[in-house]
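In our numbering, the protein residues as written are 2 to 132.
By construction, the Cβ of each residue, glycine as well, lies at the ideal position given by its N, Cα and C atoms.
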């Protein structure tokens, strides 16, 4: 793991932490975390995470990279989290999908997959789900 720089600032119960582009194996990430009202009704104040994740780090049968961005706001106990993820190609052993795009949100203890698009064997796939 290589984390070149982490900065933090605490100003009147507001915390800001910045992690510059860092590497974990063959994946990379960066984060900007802002938490307001430490010790009270803490909330995310425009926090973000950006990653380029190598799926083979999970299992060797998986291949492909996922570029994802997550944004968090609202109360820490009940946040709003928005996720956008894309990949040119993901594969499990011999099965592969291309042109993957995912938009999702987590709010009020419900995860909503608002758009998940991909191409598999020249067929377009679109999914929407709520958990």
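CA-to-CA distance, residue j to residue i, given in whole angstroms
| i | j | result |
| --- | --- | --- |
| residue 118 | residue 92 | 15 Å |
| residue 45 | residue 7 | 18 Å |
| residue 128 | residue 54 | 22 Å |
| residue 95 | residue 47 | 40 Å |
| residue 111 | residue 122 | 32 Å |
| residue 40 | residue 25 | 31 Å |
| residue 108 | residue 60 | 30 Å |
| residue 29 | residue 71 | 14 Å |
| residue 16 | residue 9 | 7 Å |
| residue 114 | residue 27 | 27 Å |
| residue 73 | residue 32 | 11 Å |
| residue 124 | residue 63 | 21 Å |
| residue 80 | residue 38 | 14 Å |
| residue 116 | residue 100 | 13 Å |
| residue 14 | residue 57 | 40 Å |
Residue of the options minimising C-alpha distance to residue i
| i | options | result |
| --- | --- | --- |
| residue 126 | 103, 13, 41 and 56 | 103 |
| residue 51 | 43, 80, 21 and 95 | 21 |
| residue 105 | 124, 98 and 82 | 82 |
| residue 98 | 74, 120, 13 and 58 | 120 |
| residue 49 | 101, 78, 56 and 36 | 36 |
| residue 2 | 11, 13, 80 and 23 | 23 |
Nearest-angstrom beta carbon gap, residue j and residue i [assumed within contact, 8 Å]
| i | j | result |
| --- | --- | --- |
| residue 18 | residue 4 | 12 Å between Cβ atoms; not a contact. |
| residue 131 | residue 76 | Contact flag wrong, Cβ pair sits at about 21 Å. |
Residues bridged to residue i [DSSP beta-bridge criterion]
| i | result |
| --- | --- |
| residue 127 | 118 |
| residue 67 | 54 |
| residue 82 | 73 and 107 |
| residue 34 | 18 |
| residue 7 | 20 |
CB contact below 8 Å: residue i versus chain B
| i | result |
| --- | --- |
| residue 19 | Of the protein chains in this structure there is only one, and it is not chain B. |
Subject >> Meets three-Cβ-pair contact criterion under 8 Å: the segment 83–92 and the segment 64–75 >> reply: yes
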